[in-house]
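First comes the structure, then the notes that go with it.
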Ligand code: SF4
Ligand code: SF4
């Protein structure tokens, strides 16, 4: 019997945030090896956070990722507040949600229009796509800009916002100052509805797996900043118990740690996980639009993540408008924080999934120890598992097509490699 | 209007970084499609899977050099590029990851890695200019996107970019922000920080933390004594200079002085 061996190699994955490659080995139509390689150089955030003041932490951790700095700032401030026993009241809490809405809109729209849609429509990038679909790309850019408008006003600037502090914000805005933002977001909500319709008409490969979805779940909100960590296979824990249930593994081929559930292995975080676990917490408009577009309350096809991201963009526009319309300027931009010795935990929903932080601090609020687990390192194993299942089904495609499809399967997760490897880099075994 | 003139080929390269600076390019929502009519994005992996072969007329470089492999790769970038512009504090000063430069990198590795043997990293994070000739350096962590547009247009027209080197402090005065250091006693790096952000932080009621790096001829010691007078302790001042531009010469020297002071006590 003649053995046929094929290797699919993508040395440098495009349209993902950061540096990664893909290596798949196929023998007799069977996948013998899948490696998602991450070769971002180490930056050692956990190491140099030691000795820094808690007040500096949100500005420092933001630099782990330029695509989702708000998520890092949110997880950081919540962990510090947890350590110091600080609670924010409603209006400040709502403003944090508003800021997160901005990041979700901006980050998801970037992925939908600029990074993922070109795969479905057969273009190498959005700029080429714009030659045939200018209106669509322009709508995407404008929608992304609406998300950025929130972050740059409330946060001070789009990338690495400067207005977030432990205890709240440095500066607040009046209702009147927010007025133009409301107008922008009304347009954005319509554009998001259009986006849901548009993405639902794309063609999706048939592909489903029995995933364990992990996301936050809050008693009455679609999750951003707070909630228990839950899964569709019975997990339901407070974020302080995270390290009892999850474990990071050191794998040789990737510079990022693989995170697994101690009991069951690979799991899935991000928009699909949130959607499947929190459909009932979406706003009525988002629920209705999802059902109309044919998505259903549950969805296990990762290629459809583009549609789910669109639903989340719609939700974020809707939620931002709700917050702004109910907004009354709080008395104080922040609550007073008294540092004390202790440990703080937090988990918030970054655009790409749960982002866990844990700090140990001394009595002055100086950081003694830090641990950060970003979403992409949690999805890595699931991505590899997907490819193991996916490749045999499409093995008859030409090498060129199969390679592109595999890249697309990776991009389903919107992997943010800068995040995944903010601390761990291994030397890669070159083959 | 059709143009038969060949568009300049532009490449975007990434080294150790957070991707924020190259994202600034995609954040130019209003200008992006217009800009791409004037230049050909020939190699920009974060945005496109298509790669057009070099040489390139312009290379934008993000990130610092932290591995032996990257130290080689940057030489390759230089050899295929006519003009090299570094974008951001990582590429221009080594970035926040240059905090390792003041510590033992092996200890850093052991803090985060289960098997330190696998790690291949240099003991310092260094700016691009320590490795190759750089034609222009754009400041900021992140860069300001309008400054990026200015730098690209200047390049296209063959003129010098208009990115003033005065201090953030002066920008505050220009926009009429009340000084947060004088009026609220806040620590502020504005007097020694390079212009570029339009003095953002003070307009949000906080001191500047120096993300655009040192201005030309920064008087760091005078700022330190000012902070001391206002009640900051030596550690606070030390940390203020050990930020996103810690390895830039003026900030490095100033922080080292404070470090010495600590060990002398
Ligand atoms: S300079 Fe700052 S924003 Fe730019 S890549 Fe480096 S860390 Fe990110
Ligand atoms: S004021 Fe300073 S820290 Fe703030 S954005 Fe400007 S340069 Fe950066």
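Residue numbers (this note's numbering), protein chains in the order written: chain C, 53 to 483; chain R, 2 to 266. Cβ coordinates follow ideal geometry from the N, Cα and C atoms, glycine included. Here the structure is a predicted model, which is why all the values come from computation and not from measurement.
Within-8 angstroms CB hit, residue i to chain C
i: residue 105 of chain R; result: no
i: residue 205 of chain R; result: yes
i: residue 143 of chain R; result: yes
i: residue 240 of chain R; result: yes
i: residue 21 of chain R; result: yes
i: residue 202 of chain R; result: yes
i: residue 112 of chain R; result: yes
i: residue 149 of chain R; result: no
i: residue 210 of chain R; result: yes
i: residue 258 of chain R; result: no
i: residue 252 of chain R; result: no
i: residue 109 of chain R; result: yes
i: residue 139 of chain R; result: no
i: residue 98 of chain R; result: yes
i: residue 157 of chain R; result: no
i: residue 37 of chain R; result: yes
i: residue 3 of chain R; result: Residue placement at residue 3 of chain R cannot be trusted, given a pLDDT of 44 that sits under 50; what the coordinates show is reported in the next sentence. Not an interface residue.
Buried versus exposed, by CB contacts within 10 Å (16 or more), residue i
i: residue 451 of chain C; result: exposed
i: residue 232 of chain R; result: exposed
i: residue 473 of chain C; result: Any reading at residue 473 of chain C must be qualified, since the residue scores a pLDDT of 38, below 50, and its modelled position is unreliable; no value is offered.
i: residue 354 of chain C; result: buried
i: residue 223 of chain R; result: exposed
i: residue 227 of chain C; result: exposed
i: residue 388 of chain C; result: exposed
i: residue 5 of chain R; result: Unreliable placement is indicated for residue 5 of chain R, whose pLDDT of 49 sits below 50; the coordinate value is still reported in the next sentence. Residue 5 of chain R should be labelled exposed.
i: residue 69 of chain R; result: exposed
i: residue 53 of chain R; result: exposed
i: residue 404 of chain C; result: buried
i: residue 10 of chain R; result: buried
i: residue 83 of chain R; result: exposed
i: residue 314 of chain C; result: exposed
i: residue 421 of chain C; result: exposed
i: residue 249 of chain R; result: buried
i: residue 165 of chain R; result: exposed
Within chain R, partners of residue i - CB distance below 9 angstroms
i: residue 258 of chain C; result: By Cβ distance, chain R contributes nothing, its closest Cβ being about 24 angstroms from residue 258 of chain C, past 9 angstroms.
i: residue 160 of chain C; result: Within chain R, no residue comes near residue 160 of chain C; the closest Cβ sits about 14 angstroms away, beyond 9 angstroms.
Residues that residue i contacts on chain R, provided the C-beta gap is smaller than 8 angstroms
i: residue 166 of chain C; result: 27, 48
Per DSSP, cross-strand counterpart(s) of residue i
i: residue 301 of chain C; result: C/310
i: residue 87 of chain R; result: R/62, R/138
i: residue 184 of chain R; result: In DSSP, residue 184 of chain R forms no bridge with anything.
i: residue 399 of chain C; result: C/408
i: residue 86 of chain C; result: C/76
i: residue 320 of chain C; result: C/265
i: residue 422 of chain C; result: C/411
i: residue 57 of chain R; result: R/82
i: residue 268 of chain R; result: For residue 268 of chain R there is no data in the structure shown, the boundaries of chain R being 2 and 266.
Cutoff 8 angstroms: residue i Cβ touching any chain R Cβ
i: residue 208 of chain C; result: yes
i: residue 313 of chain C; result: no
i: residue 211 of chain C; result: yes
i: residue 290 of chain C; result: no
i: residue 77 of chain C; result: no
i: residue 358 of chain C; result: no
i: residue 222 of chain C; result: yes
i: residue 419 of chain C; result: no
i: residue 280 of chain C; result: no
Listed by chain order, chain C residues near residue i by CB distance under 9 angstroms
i: residue 129 of chain R; result: None at all; the shortest Cβ gap to chain C is about 14 angstroms.
i: residue 164 of chain R; result: What residue 164 of chain R touches in chain C: nothing, since even the nearest Cβ is about 17 angstroms away.
Closer than 7 angstroms at the beta carbon, the chain R residues around residue i
i: residue 458 of chain C; result: Those within 7 angstroms of residue 458 of chain C in chain R number zero; the least Cβ separation is about 12 angstroms.
i: residue 116 of chain C; result: 19
i: residue 215 of chain C; result: 205
Neighbour list for residue i in chain C, Cβ cutoff strictly below 7 angstroms
i: residue 24 of chain R; result: 118, 119, 211
i: residue 30 of chain R; result: 193, 194, 196, 197
i: residue 42 of chain R; result: 179
Neighbour list for residue i in chain C, Cβ cutoff strictly below 8 angstroms
i: residue 101 of chain R; result: 96, 99, 100
i: residue 245 of chain R; result: 115
Interface flag, residue i vs chain D, CB-CB below 8 angstroms
i: residue 224 of chain R; result: Within the model displayed, chain D is absent; protein chains C and R are what it includes.
Quick one, which residues of the region 87-113 of chain C are near chain R if we go by CB-CB under 9 angstroms, in chain order? The region 87-113 of chain C vs chain R, Cβ under 9 angstroms: 91, 92, 93, 94, 95, 96, 97, 98, 99, 100, 102, 103, 104, 105, 108, 111, 112.
Using a Cβ-Cβ cut-off of less than 8 angstroms, give me the residues of the region 171-189 of chain C that come near chain R, in sequence order. For the region 171-189 of chain C, residues whose beta-carbon sits nearer than 8 angstroms to a beta-carbon of chain R comprise 176, 177, 178, 179, 180, 182, 186, 189.
Under 8 angstroms (Cβ pairs) to chain R, residues found in the region 143-154 of chain C: Answer in chain order: no residues at all.
Along the region 45-75 of chain R, where does the CB come closer than 7 angstroms to a CB of chain C? Name the residues. Taking 7 angstroms as the Cβ-Cβ cut-off, the region 45-75 of chain R approaches chain C at 46, 47, 48, 49, 50, 51, 67, 68, 71, given in chain order.
Chain R contacts made by the region 380-406 of chain C, where a contact means CB separation under 8 angstroms: The region 380-406 of chain C vs chain R, Cβ under 8 angstroms: 385.
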